[in-house]
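To start, the structure itself, in structure tokens.
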Amino acid sequence: MDTIYVIENTIRFNPTAHTLHSIENNERITLAIPASLCFVLLIKNQGRIVTQAELLHNAWGERGMNVTPNTLHQNISLLRKSLNRLQVNGTIIQTIPKRGFMIADETAILAQRIENKPGPKGNSEQNVEEIVNNLHQPPAVESIDLQRQDPGPPQDNVSSLPPEKEHKISPRILSGLRFAGKEKGTCKIAGFASLLAIALFVYIYYFTETRAPFASYTELATPGACTVFRNDDLRFDEFFIHFLQEKHITCSDGQTVYITNHYPSSRTSLIVCRYPLKSSKKSFCTSSYYLK
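This note's numbering numbers the first residue of the sequence shown as 30 and each following residue consecutively.
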């Protein structure tokens, strides 16, 4: 038995397949496994603050991985973006400064227990989605009757020897060969699908981690002429604004600044770029590191 969560009567979340499925337009998004594990833990603890340590242990620690809190915040940010894409407000996942994350009690979440009917290898997710979508007709399954034999040609009463070099193959053997051939084809398809799923996960997870390290940063409202981004952490915006003022940090018109601090550490890094990192131009960045 698997559990599907219907959220705000808009999407279905399948923790087993790590997918979000739009009820309205049938769009499906595959989540990174850590983001999916964080989401199901928040759902199971709806109305309670789930600490950062709990999420890190559930999504990475139990699998023998040790990551920084920044990785957790990046996965939460990606999860929110996926929810927004499927017309569910990503702010249902609330950040509680200095404590953790939670999903509020008023969020409509319905758990549905469904039976995962056995099917061909590699098609378990398809069976789950077919049950959830209440399909009226079951998928056609080709059955092979190993006991049935094809009728032979009419026999004369007078016995005669078969022609020389003629070989009769039992219909049962032929049927078995056909069955074995189909099973081999099914295994090949299942193996290809598994490799494709693994490649997709590696691309989504590692591409996001390595190519877009500042994708989760949010813009600070500063009076200066440049643009300042901060990392998504348990700090308030006031902390970063006070830091810039205290250190007398200024920047020229058009420059972009990326400021990073992880609570409760007082160490802060600063990257100042002539152009934004996502720009097609060369950024020309300089970095500074403050211990206090």
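Positions of the beta carbon are idealized from the N, C-alpha and C atoms, including for glycine. Keep in mind it's a predicted model, so treat the numbers as computed, not measured.
Since residue i sits in a beta bridge, which residues does DSSP pair it with?
i: M94; result: In the DSSP output, where bridge partners are listed per residue, M94 has none listed.
i: Y292; result: Answer is none; Y292 lacks a bridge partner.
i: R41; result: V35 and H50
i: F130; result: V79 and T124
i: R380; result: The requested residue 380 does not occur in the structure, where the chain is confined to residues 30 to 321.
i: Y319; result: T297
i: E248; result: F258
i: C302; result: T285 and C314
With hydrogens ignored, establish whether the beta-carbon of residue i is closer than 7 Å to any heavy atom of the ligand FAD.
i: L115; result: For the ligand FAD, the structure offers nothing, since it holds no ligand at all.
Please report the Cβ distance between residue i and residue j, rounded to the nearest whole angstrom; I am assuming they are in contact, meaning their Cβ atoms lie under 8 Å.
i: R41; j: I52; result: 7 Å
i: L320; j: R296; result: 6 Å
i: I270; j: L299; result: No, I270 and L299 are not in contact; Cβ-Cβ is about 13 Å, not under 8 Å.
i: M131; j: I78; result: 5 Å
i: T80; j: R128; result: 7 Å
Please report the straight-line C-alpha distance between residue i and residue j, rounded to a whole angstrom.
i: L273; j: R259; result: 11 Å
i: Y287; j: V257; result: 6 Å
i: Y34; j: T289; result: 35 Å
i: K110; j: G119; result: 6 Å
i: S188; j: I218; result: Confidence is the limiting factor: at S188 the pLDDT is only 43, short of 50, which leaves the residue's position unreliable, though a coordinate-based value still follows. Their backbone Cα atoms lie some 49 Å apart in a straight line.
i: L60; j: E267; result: 32 Å
i: I121; j: L71; result: 10 Å
i: Q116; j: N54; result: 11 Å
i: E248; j: P44; result: 32 Å
i: I227; j: T48; result: 14 Å
i: S65; j: G90; result: 15 Å
i: N95; j: S317; result: 26 Å
i: A82; j: A88; result: 10 Å
i: L306; j: L112; result: 25 Å
i: F221; j: Y292; result: 44 Å
i: K311; j: N38; result: 45 Å
i: E275; j: N99; result: 25 Å
i: N74; j: T315; result: 43 Å
i: H50; j: I125; result: 27 Å
i: K194; j: T215; result: Summary for K194: the model assigns pLDDT 48, below 50, so the residue's position carries little reliability; its value from the coordinates is reported in the next sentence. Roughly 36 Å between the two C-alpha positions.
Go ahead and pull the three-state DSSP assignment for residue i.
i: H50; result: strand
i: N156; result: Residue placement at N156 is poorly supported in this model, since its pLDDT is 48, which falls under 50; the coordinates are not used for a value here.
i: T59; result: strand
i: F243; result: coil
i: Q284; result: coil
i: T297; result: strand
i: I78; result: coil
i: F313; result: coil
i: I278; result: coil
i: C255; result: coil
i: L115; result: coil
i: R142; result: strand
i: K73; result: helix
Are the Cβ atoms of residue i and residue j separated by less than 8 Å?
i: G76; j: A137; result: no
i: D31; j: I143; result: yes
i: L101; j: L85; result: yes
i: C67; j: I105; result: yes
i: D282; j: A254; result: yes
i: Q103; j: S245; result: yes
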